[in-house]
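Everything on this sheet refers to the single structure shown next.
Residue numbers (my numbering): 155 to 466.
Below is the structure:
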């Protein structure tokens with residue numbers, strides 16, 4: 155009897171295994187299959203609203219009816235727009251860098267009663283080692299209207315075209331502040347007194363010379379000045395770069411810039427791998443000491459450091 159039962163049981167197990175294998179094979183999900191031209195509207199709405207939310211999202215091929223009025227600039231076209239309830243976004247596309255279209259949009263909104271606010275975030279002075287061709291990130295333009303709210307303009311370039319994102323936020327987002335009050339606050343954030351107190355503009359950071367790298371130099375940080383660190387009585391800038399120049403050539407390149415900025419040489423030594431020099435400069439009734447250090451490697455790499463401190 156046990157042998158008679160074993161055969162059907164074995165056969166059943168084989169059938170179950172085959173069924174499971176077929177089921178697994180038929181439920182395999184493909185990965186990394188990109189949408190080429192269009193995506194399902196339901197998927198787009200879920201992605202924009204967030205899964206599990208009840209937000210109603212509208213996606214349009216043109217501009218929402220209640221979006222703040224503006225004149226479409228020459229050379230730009232509407233790619234589409236979205237209404238997420240708490241904000242509306244209109245996406246424009248233009249050839250080139252889009253700068254003329256951006257300025258035309260700002261002018262159009264100002265003619266409609268919007269007030270252009272000072273750019274968000276105070277711009278830090280670019281001192282220390284700086285790329286010869288810095289890629290400065292686009293700063294959003296912020297415009298305010300007491301009745302229509304805020305409009306932000308952001309842009310980014312992709313190959314030979316530029317996308318401009320116009321985001322409109324309802325007027326109740328200002329927290330009770332008028333546009334005039336917001337403009338006054340933005341102006342105060344950019345005042346010399348505010349910068350001096352918050353960023354140390356008039357400290358040794360501002361005494362650091364601006365040292366532009368050679369155009370042929372390759373560096374990993376082209377977007378902003380090299381790292382600057384220090385304290386109230388000492389600050390330094392440091393960067394690593396690569397260039398097919400000899401150590402004396404690199405030294406002469408930076409020494410010329412220091413002399414042009416009224417730094418006086420006070421001793422220099424150049425070896426096979428290291429160049430050191432001291433520089434002085436009078437500023438604000440203080441004598442500053444600057445130290446330039448260049449260290450070369452065997453693969454055309456350089457480490458450059460300039461340090462500023464108060465001598466007396």
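Think of the CB as a built atom: it goes at the ideal place given N, C-alpha and C, for glycine as much as any other residue.
Between the region 312-325 and the region 245-262, the count of C-beta pairs closer than 8 Å reaches three or more; the two stretches touch.
Beta-bridge partners of residue 253 (DSSP): none assigned. Where residue 409 is concerned, the enclosing alpha helix (DSSP H) starts and stops at 401-414. By alpha-carbon distance to residue 423, the top candidate from 406, 442, 387 is 406.
Within the same chain, and ignoring the five residues on either side of residue 372 in sequence, the residues whose Cβ sits closer than 8 Å to its Cβ are 395, 396, 397.
Rounded to the nearest whole angstrom, the C-alpha separation of residue 457 and residue 392 is 7 Å.
The residue among 267, 260, 213, 271 with its C-alpha nearest the C-alpha of residue 243 is 213. Taking a C-beta distance under 8 Å as the contact criterion, residue 230 and residue 246 qualify as a contact pair.
Counting along the chain, the unbroken beta strand (DSSP E) around residue 431 starts and ends at 428-437. Under the three-state reduction of DSSP, residue 452 is assigned to coil, being neither helix nor strand.
Judged by their CB atoms, residue 234 and residue 215 are nearer to each other than the 8 Å cut-off. Take residue 302, set aside five residues on each side of it, and the residues of its chain with a beta-carbon closer than 7 Å to its own are 222, 325, in chain order.
Per DSSP, the continuous alpha helix (DSSP H) segment holding residue 359 begins and ends at 358-361.
Proximity to residue 255 across 266, 296, 307, 217 peaks at 307, based on C-alpha coordinates. For residue 312, the uninterrupted beta strand (DSSP E) segment begins and ends at 303-312. Counting along the chain, no beta strand (DSSP E) covers residue 398, and no H or E run does either. Here residue 227 is buried: its Cβ has 16 or more other Cβ atoms, across all protein chains shown, within 10 Å. Out of 439, 304, 449, 312, the CA that lies nearest to the CA of residue 333 is found in 304.
Residue 434 is a Cβ neighbour of residue 465, given a cutoff of 8 Å. Around the beta-carbon of residue 442, 16 or more other beta-carbon atoms lie within 10 Å, marking it buried.
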